[in-house]
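Below: the structure, in structure tokens.
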Amino acid sequence: MHALTATYFFGWGAGYQYYMMLFATGIFLLPPGKNILKFGSIVIGCLLFASTYYYSLNYPPIYVWSTNFLTLINVSNIVFSTLFHAGFAYYFTLAANIAEDSLERENKAQTAFFQNISHELRTPLTLISGPSESALTREEGLNPQEVKIIANQGRRLTRLVNQLLDLQKITSGKMEIKTSPILLGEFLSLVSENFNAYVKRKNINFELVLEENDPIVAADPEQLDKCIFNYLSNAIKFTESGGTIKLQTKENDGEVIVSVYDTGIGMNEDQMKRLFSRFGISEASLTREQEGTGLGLALVKELVELHGGKVGVESEIGKGSHFYFSLPIIKNVKTAGISSWKEKQFHLFQHEYIPEESKSLIFEAEKQPHKRFVKLLVVEDNPDLRSYLGSILTRAGYHVLVAKDGEEGLTTILSENPDLVITDLMMPKLSGLDLIKEIRKKEQFHSLPVILLTAKADVTTRKELHSEGADLYLSKPFLESELLSVIRNALRLKQKEFYLQEELTRGVRIQKRLLLEPNFDQNKIDVKLEFLPSDGIAGDYYCIQTLEDGKTFVLLADVSGHGFSAGMISTLLHFSLQLPITNKENPAECLSQLNSILFGNTAGLFITAVAVVIDSDEKKFIWSKAGHEDIYFGHQNQITALLGKGKPLSILPEWEGTNFEVPYEVGDKLFLFSDGIFDVRSKDNSMFREKGFVEWLKDQSVWKRDNTLSSLLESAISHQNSKLFEDDVTLLSIQFLK
104 MHALTATYFF GWGAGYQYYM MLFATGIFLL PPGKNILKFG SIVIGCLLFA STYYYSLNYP
164 PIYVWSTNFL TLINVSNIVF STLFHAGFAY YFTLAANIAE DSLERENKAQ TAFFQNISHE
224 LRTPLTLISG PSESALTREE GLNPQEVKII ANQGRRLTRL VNQLLDLQKI TSGKMEIKTS
284 PILLGEFLSL VSENFNAYVK RKNINFELVL EENDPIVAAD PEQLDKCIFN YLSNAIKFTE
344 SGGTIKLQTK ENDGEVIVSV YDTGIGMNED QMKRLFSRFG ISEASLTREQ EGTGLGLALV
404 KELVELHGGK VGVESEIGKG SHFYFSLPII KNVKTAGISS WKEKQFHLFQ HEYIPEESKS
464 LIFEAEKQPH KRFVKLLVVE DNPDLRSYLG SILTRAGYHV LVAKDGEEGL TTILSENPDL
524 VITDLMMPKL SGLDLIKEIR KKEQFHSLPV ILLTAKADVT TRKELHSEGA DLYLSKPFLE
584 SELLSVIRNA LRLKQKEFYL QEELTRGVRI QKRLLLEPNF DQNKIDVKLE FLPSDGIAGD
644 YYCIQTLEDG KTFVLLADVS GHGFSAGMIS TLLHFSLQLP ITNKENPAEC LSQLNSILFG
704 NTAGLFITAV AVVIDSDEKK FIWSKAGHED IYFGHQNQIT ALLGKGKPLS ILPEWEGTNF
764 EVPYEVGDKL FLFSDGIFDV RSKDNSMFRE KGFVEWLKDQ SVWKRDNTLS SLLESAISHQ
824 NSKLFEDDVT LLSIQFLK
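Below is the structure:
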């Protein structure tokens, strides 16, 4: 019996000890504790095997197997408890990650919200401070249009501040709701009258559908007015001319549903989910359809819930939206006890002044006739700001076009070809940045100056503006003098660029005449050429001419860099080559003489070159090179590189080179390339020299084809996936006919 007890406690005790060890370790070390589980299982397995073997020799089988059974139970406990703790560890990690993601989304939403608030504040501030400062500068009073704009934007600013204050009061629990019995239908009739002028001007059909038995609700008239105003103003914002808006009441199970239907643009599911959230609706997108912070709908939700009701929305993209809220109906209330809120004259919203759209999209300049031919385009979705900018620029003497969004602006640019564009950043349909991208796609508008007006003045936005092609930007609010100064500077730069472009065009024409004049015996050689200057005027230069003794002289040179300065050096090289002191019958001597002429006169630029003299009588050619790319010789059934050394020209005052002589047969070809073809890079940054050109050379018979150069050019274009080259490209093929 003692032996049985010892056996039992040995097996059970060992299992229990390891179980406790793994339990404690698992709490602190999971999920790494899985390794301990493996180790513990091995130890327990060894003990189990040893005890089974030992006690099977001394005790009846039933005692041994009962002990082993208890040990097995404890091992199972170890495994399941460890897995249990691993599950809890995973659960808590997952919960922490979800909380972190939620916090990050909340932070992003709040950032977008405050950026949006900033935009909404800066626009009215611009329209208040701008005309005021302008009137002070002119020492004149404000004109009626400016007074209307300032009053309108003042009300807009006040409403925005009041919405922020109301939400803050609700959050802090300080919002007081002073309810009184109200005939809802009568109240809605009065409120909707304030929108009549608005909907008529926008050509929107407005319907008011009320219950026959006017329900009575307990509400704060001023707060209820805010709810109705926000619903109706949103519907008007998003409903196009010719659409319909309906304000309707309907009783339903002890409450009344107030609905606003519209035939506007509609919303998707994601937009509806975020609609009544303070931060969710704040759209940081640059192409939002309308101005607004989204505070209004968040305020409606809070106010309706304070009245014991609920809000909701149904919508479908392209078909319109249905906004609604519910209020409890009051029963057994005498009509005489209803508050005469009409006599109290509580503050109902005075709707913003809506400026009349211009009969024409053109503001004619009345003064300063010399500016009448300078055409400016203003692209701005805010009608007040659009009108204000138009009046400033007209008064300054410019010919002004206006567009109400990015799409209309792009159409106007394509049809009217303005001299300068002023555009807002955040606009419907096509943002200011997207408008610039579309403009820059058109070659004729690459140099069109664009000034961006933006409330987003952070460093990231400024970098993005410059990278996307915005020449200048103005942060709202801005002064009239600032705007006019920026415009003058932009136009001055454009004028200078125009004159420079004219000079460049003349240079290109001159260079083409110098390069393309045929001056060789076409019975002796057949020449094929691909010449692609990267900037119009080239730093590459080639010359082919027949010498007095009947030999043919060929030179291909490449000035370091490209563009206008390189083009000037290549022109200098051309005239140097025409001097009688240059010995074209000896390639190395000719290059040395060119170096003496050019050294010290190339503004730090150097020239690589290869010179060839073809002797058709002796069927040979002599060549020498100065730091240039290898030349390639197609002979019989192969094409090979002809290697040679030589420093570039115009680096040292003295230059020495070596002549190489190569015999040829009729039909052989000689290929000369500038480095522009070799330096082409693919998206993965691989060089055409190392990949595409090597592949091209693998076909040893490629040199025999008529399209040898075009196939090489197509291969390079395919390698970089673009027809535009960063450097000048010159490909020269010479076939020996005699």
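Residue numbers (the numbering used here): 104 to 841. We treat Cβ as the ideally placed atom computed from N, Cα and C, and that holds for glycine. Bear in mind the structure is a predicted one, so any value in this text is a computation, not a measurement.
| Same chain, Cβ closer than 7 Å to Pro766, neighbours up to 5 away in sequence not counted | Lys722, Lys723
| Looking at the structure shown, is Ala691 part of a helix, part of a strand, or coil, going by DSSP? | Taken through DSSP and simplified to helix, strand or coil, Ala691 comes out as helix.
| request: Consult DSSP for Ile280 and reduce its assignment to one of helix, strand or coil. | output: coil
| message | Does Pro134 come out as helix, strand or coil in the three-state DSSP assignment? | response | Low confidence applies to Pro134: its pLDDT is 48, below 50, so where it sits in the model is not reliable, and the reading given next is rough at best. Coil.
| Expressed to the nearest angstrom, what Euclidean distance is found between the alpha-carbon atoms of Phe548 and Ile542? | 6 Å
| query | At which residues does the alpha helix (DSSP H) containing Ala401 begin and terminate? | reply | 398-409
| request: Look at the alpha carbon of Thr674 and the alpha carbon of Tyr491, and state the distance between them as a whole number of angstroms. | output: 52 Å
| query | What is the DSSP secondary structure of Ile368, counted as helix, strand or coil? | reply | coil
| said: Can you look up Asn592 in the DSSP assignment and give me helix, strand or coil? | reply: helix
| When the Cα of Ile717 is compared with those of Val589, Thr649, Ile554, Arg595, which residue comes out closest? | Thr649
| field | First through last residue of the beta strand (DSSP E) which encompasses Gly423 | value | 423-431
| request: Measure the C-alpha to C-alpha separation of Lys474 and Asp537 and round it to an integer number of angstroms. | output: Model confidence at Lys474 stands at a pLDDT of 48, short of 50, so the residue's coordinates are unreliable and nothing is read from them.
| Excluding the five sequence neighbours on either side, which residues of its own chain have a C-beta within less than 8 Å of the C-beta of Glu358, listed in chain order? | Gly412, Ser429, Leu430, Pro431, Ile432
| request: Check Arg391 in the structure and name its three-state DSSP category. | output: Only weak support is given to the placement of Arg391: the predicted model assigns it a pLDDT of 46, under 50, and the question is left unresolved by the model.
| Going by other Cβ atoms of all chains shown within 10 Å of its Cβ, with 16 needed for buried, is Leu682 buried or exposed? | That one is exposed.
| field | Extent of the continuous beta strand (DSSP E) run through Lys794 | value | Unbroken run through Lys794: none, as it is neither H nor E.
| For the region 624-643 against the region 834-841, are there 3 or more C-beta pairs whose distance is under 8 Å? | yes
| DSSP three-state assignment for Ser821, whether helix, strand or coil | helix
| query | Given Gln739, which residues of its chain have a CB within under 7 Å of its CB, disregarding the five upstream and five downstream residues? | reply | Contacts found: none.
| query | Any idea if Pro552 is buried or exposed, counting beta-carbon neighbours within 10 angstroms, 16 or more meaning buried? | reply | buried
| field | Touching by the beta-carbon criterion (3+ pairs, under 8 Å), the region 800-811 and the region 739-759 | value | yes
| query | When DSSP labels each residue in this structure, what does Ala573 get in the three-state scheme? | reply | For Ala573, the secondary structure class from DSSP, reduced to helix, strand or coil, is coil.
| message | With a threshold of 7 Å on Cβ separation, who are the neighbours of Gly288 within its own chain once the five nearest residues in sequence on each side are excluded? | response | Leu313, Glu314, Asp317, Thr352
| Cβ pair Gly415, Thr366 closer than 8 Å | no
| alpha helix (DSSP H) runs wholly inside the region 297-377, at least 4 long, in chain order | 299-304, 324-341, 372-377
| Can you tell me the Cα-Cα spacing of Leu267 and Thr261, whole angstroms? | 10 Å
| message | Output needed for Ser637: all residues of its chain with C-beta closer than 8 Å, excluding positions within five of it in sequence on either side, in chain order. | response | His665, Gly666, Gly779, Leu827, Phe828, Glu829, Asp830, Asp831, Val832
| query | Under a three-way DSSP split, which group does Thr685 fall into? | reply | It is coil, neither helix nor strand.
| message | Just verifying my parser: in three-state terms, what is the DSSP assignment at Asp629? | response | strand
| Touching by the beta-carbon criterion (3+ pairs, under 8 Å), the region 747-755 and the region 689-706 | yes
| query | DSSP three-state call for Asp487: helix, strand or coil? | reply | helix
| query | Measuring CB to CB, does Ile280 end up less than 8 Å from Asp328? | reply | no
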